[in-house]
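Taken in order, the sequence shown gives residues 1 to 295; the numbers are from full-length UniProt numbering.
Note that CB positions come from ideal geometry on N, CA and C, so glycine has one too.
For clarity, every value in this text was computed on a predicted model and none was experimentally measured.
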Amino acid sequence: MVLRGYVPTSEETLQTLAALRLQSLNSDFSTHTPFPRLEELFPPHVLHARLPPPPHRPPSKCRGARLRAGLLAGGLWGQALAKQRVERDQRLRGRLREEGASTMAAIVEKWKLLQGMGRPEAMAAYVALVREWPGFGSTLFDVDLHAVRPRLGVGQGQPWQWASLTPLSPQSPVGSGSQRLWLGIGAKAVSLYKPGEPEPLDSFCYGRISSFGASDSSTFRLSVEDRDLLFETSQVDEIAQLLNTYLASAGVQRLPRPQEPPTSPPTSEPTVLPQGLCPAAGPWQHRPPVGSSHS
Numbered sequence: 001m002v003l004r005g006y007v008p009t010s011e012e013t014l015q016t017l018a019a020l021r022l023q024s025l026n027s028d029f030s031t032h033t034p035f036p037r038l039e040e041l042f043p044p045h046v047l048h049a050r051l052p053p054p055p056h057r058p059p060s061k062c063r064g065a066r067l068r069a070g071l072l073a074g075g076l077w078g079q080a081l082a083k084q085r086v087e088r089d090q091r092l093r094g095r096l097r098e099e100g101a102s103t104m105a106a107i108v109e110k111w112k113l114l115q116g117m118g119r120p121e122a123m124a125a126y127v128a129l130v131r132e133w134p135g136f137g138s139t140l141f142d143v144d145l146h147a148v149r150p151r152l153g154v155g156q157g158q159p160w161q162w163a164s165l166t167p168l169s170p171q172s173p174v175g176s177g178s179q180r181l182w183l184g185i186g187a188k189a190v191s192l193y194k195p196g197e198p199e200p201l202d203s204f205c206y207g208r209i210s211s212f213g214a215s216d217s218s219t220f221r222l223s224v225e226d227r228d229l230l231f232e233t234s235q236v237d238e239i240a241q242l243l244n245t246y247l248a249s250a251g252v253q254r255l256p257r258p259q260e261p262p263t264s265p266p267t268s269e270p271t272v273l274p275q276g277l278c279p280a281a282g283p284w285q286h287r288p289p290v291g292s293s294h295s
């Protein structure tokens with residue numbers, strides 16, 4: 001989770017976590033101890049983020065300019081451009097090695113400070129640091145929030161509204177176009193995070209979720225109170241299974257009705273939620289993915 005970048009925290013904390021991992025694996029620092037590779041201790045994307053972005057080349061304004069550029073690319077000018085790209089790649093690799101060596105040196109210095117700490121103590125300190133993130137314990141999924149619209153029955157005939165963030169609370173700004181987010185599914189709530197940000201953009205407990213399901217193999221729908229959220233993801237089944245597990249453990253009644261049309265309002269009595277969860281927005285129901293069957 002840490003190495004994949006799913007624990008948003010400072011580089012200083014990431015280095016401390018790496019040192020604690022070394023202490024738990026190898027005990028006290030020693031020059032004779034084999035070192036793991038840096039990518040086994042520290043998130044690689046943090047090092048890559050330090051590299052300068054590639055130079056921006058403005059697009060050619062006319063067809064003739066693009067044609068001349070294409071002809072030049074096949075001659076001496078193209079060879080010069082290829083040489084520049086090779087040289088730039090070499091510089092970036094050298095810079096990445098320097099950043100990696102600097103980071104490893106900082107990790108080793110922190111490791112030396114842990115002398116005398118036992119393996120259980122190091123592991124406990126590691127977990128304690130990770131637990132400081134409010135989303136600790138949640139399973140994170142990479143999703144694209146593709147669209148948001150009022151639920152059917154609330155705003156009949158409303159088209160999908162393209163949104164960059166969920167307008168589920170006054171603090172959630174709305175923009176245009178889809179946006180890559182983390183969908184965090186925990187024991188008590190579902191949250192949306194901007195990748196790398198420690199605080200959720202929005203969070204809603206299971207009492208606010210009225211239904212969920214799959215529109216197709218890569219599209220997941222989550223209905224929260226008066227809104228339908230549409231996500232694109234390659235992990236539709238995993239998300240649905242995890243939601244089922246948490247809802248079952250929370251004691252929320254499941255009302256599967258795959259035979260009902262999507263526009264049919266629920267007719268059962270409101271679900272009684274366990275104490276400690278927020279009031280239900282309505283009965284929760286899980287519609288299985290299209291083409292699936294349940295015994």
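- Query: Between valine 143 and leucine 96, is the Cβ-Cβ spacing less than 7 Å?
  - Reply: no
- Item | Environment of histidine 146 [buried if 16+ CB atoms lie within 10 Å] | buried
- Query: Three-state secondary structure (DSSP) at proline 173?
  - Reply: Low per-residue confidence applies at proline 173: pLDDT is 41, beneath 50, and the placement is therefore not dependable enough to give any value.
- Query: So, do the segment 185-203 and the segment 125-138 have three or more beta carbon pairs nearer to each other than 8 Å?
  - Reply: yes
- Across which residues does DSSP place isoleucine 239 in a beta bridge pair? According to DSSP, which records beta bridges pairwise, isoleucine 239 is partnered with nothing at all.
- Message: Are the CB atoms of glutamine 241 and alanine 106 within a distance shorter than 7 Å?
- Response: no
- How long is the line joining the alpha carbons of valine 236 and proline 195, rounded to whole angstroms? 19 Å
- Message: Suppose the cutoff is 6 Å on Cβ atoms and the five residues either side in sequence are ignored; what does the same chain contact list for leucine 3 look like?
- Response: Pro43
- Tell me, please, which residues DSSP counts as bridged to threonine 139. Ile185
- Query: With distances taken from CA atoms, which of Arg93, Thr33, Thr233, Ser218 is nearest leucine 183?
  - Reply: Thr233
- Segments assigned alpha helix (DSSP H), at least 4 residues, entirely inside the segment 18-56: 44-49
- Task: Determine the DSSP secondary structure at glycine 116, reduced to helix, strand or coil.
- Result: coil
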